[in-house]
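Last residue of the sequence shown: 211 (the working numbering), numbering continuous.
Glycine included, C-beta positions come from ideal geometry on N, C-alpha and C.
Taking it in order: structure first as structure tokens, then the write-up.
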Amino acid sequence: MSLRFASLNIAAGAIVLALILSFESSGSAETAQPEADAVPHRIFVMSNGWHSNIIMARPDITPGRIPEIVDFPGAEYLEFGWGDAEYYPAKRTTFGMTMRAAFTSTPAVMHVLGSFRHPKRRYPTAEVIELAVDKAGLEKLVQFIHDSFDRNRVDRAKISNPGLYANSLFYLATGRFHLGNTCNSWTARALNAAGFDVDSAAAAPASDLMLQLRQLAKAP
């Protein structure tokens, strides 16, 4: 009889030990899950062949940052493009505009578009490159875009022109546009701020910028 009780005690002990190990294993797996800050976010760079924009999901923009986006209620994606203050918003461009934008230092504007469609669906014929960025890089990117608006010591940048599309607007921006500092240079510097290894000095033409980004997108 004592042998039977001894066997039962051993079996019970084995069960308790198995439960303890199972609980510890479960707890370890739980703590091994990546923290929210380490989960990559997605940003997009769109190019139509000469100009580039950065596109972000609205929830990825920290509340209170980039105050101008309140002009686009309900938009699921926000698109930001920097460029020459005269040439970029113009419905019709002239040779004189082109020469001034290319060979003189001119003021800049920021074009903001609120979109309700995924970037690759909105621009089916343009090149859209998707990049993964961590939380820290995302915050630095948002800060760079925030700082690109010329608010002139007020809460929000002044609207300078109607946008190119129904749900877009132009705002006064910081910086000066010229042949060595184009919209694509701005995009490259924004990506630098987010932690991407992009040569902004070799990104003035959209083709050179996108070539670099294709290589980044393929990298593990």
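Would Val145 be called buried (16 or more neighbouring beta carbons within 10 Å of its own) or exposed? exposed
Thinking Asn158 and Phe63 are a contact (beta carbons under 8 Å), I'd like their distance in whole angstroms, please. 6 Å
Among the candidates Thr97, Ser38 and Gly65, whose CA atom is the shortest distance from the CA of Ala164? Cα-wise, what sits closest to Ala164 is Thr97.
Which class does Ala148 belong to by DSSP, given the choice of helix, strand or coil? coil
Counting pairs of Cβ atoms below 8 Å between the region 184 to 199 and the region 114 to 133, do you hit three or more? yes
Kindly indicate which three-state DSSP category Glu59 falls into: helix, strand or coil? Three-state DSSP puts Glu59 in a helix.
Taking the CB atoms as reference points, tell me whether Ala179 and Leu200 lie closer together than 9 Å. yes
Are Ala148 and Phe140 close, meaning C-beta to C-beta below 9 Å? Less than 9 Å divides the Cβ of Ala148 from the Cβ of Phe140.
Complete beta strand (DSSP E) runs within the region 176 to 203 (minimum length 3 residues, chain order): none
Below 8 Å CB to CB, which residues in the same chain sit around Asp190 once its five sequence neighbours on both sides are set aside? Excluding positions up to five away in sequence, the list reads Ala179 and Gln203.
Classify Val61 as buried or exposed, calling it buried when 16 or more other Cβ atoms lie within 10 Å of its own Cβ. Val61 should be labelled exposed.
Here's the rule: buried if 16 or more other CB atoms are within 10 angstroms of the residue's CB, otherwise exposed. What is Glu77? buried
In the DSSP assignment, the alpha helix (DSSP H) including Phe168 goes from what residue to what residue? Careful: Phe168 lies outside any alpha helix (DSSP H), inside the beta strand (DSSP E) at Ser159 to Phe168.
Could you say which of Arg91, Ser151 and Leu69 lies nearest to Ile52 if we only look at CA atoms? Leu69
Between the C-alpha atoms of Ile46 and Gly87, what's the straight-line distance to the nearest angstrom? 31 Å
Cβ-based burial, Leu104 [other Cβ within 10 Å; buried from 16]: buried
Cut-off 6 Å between Cβ atoms - residues of its own chain near Asn39, not counting five sequence neighbours on either side: Ala117
Straight-line CA distance for Lys131 to Pro196? 24 Å
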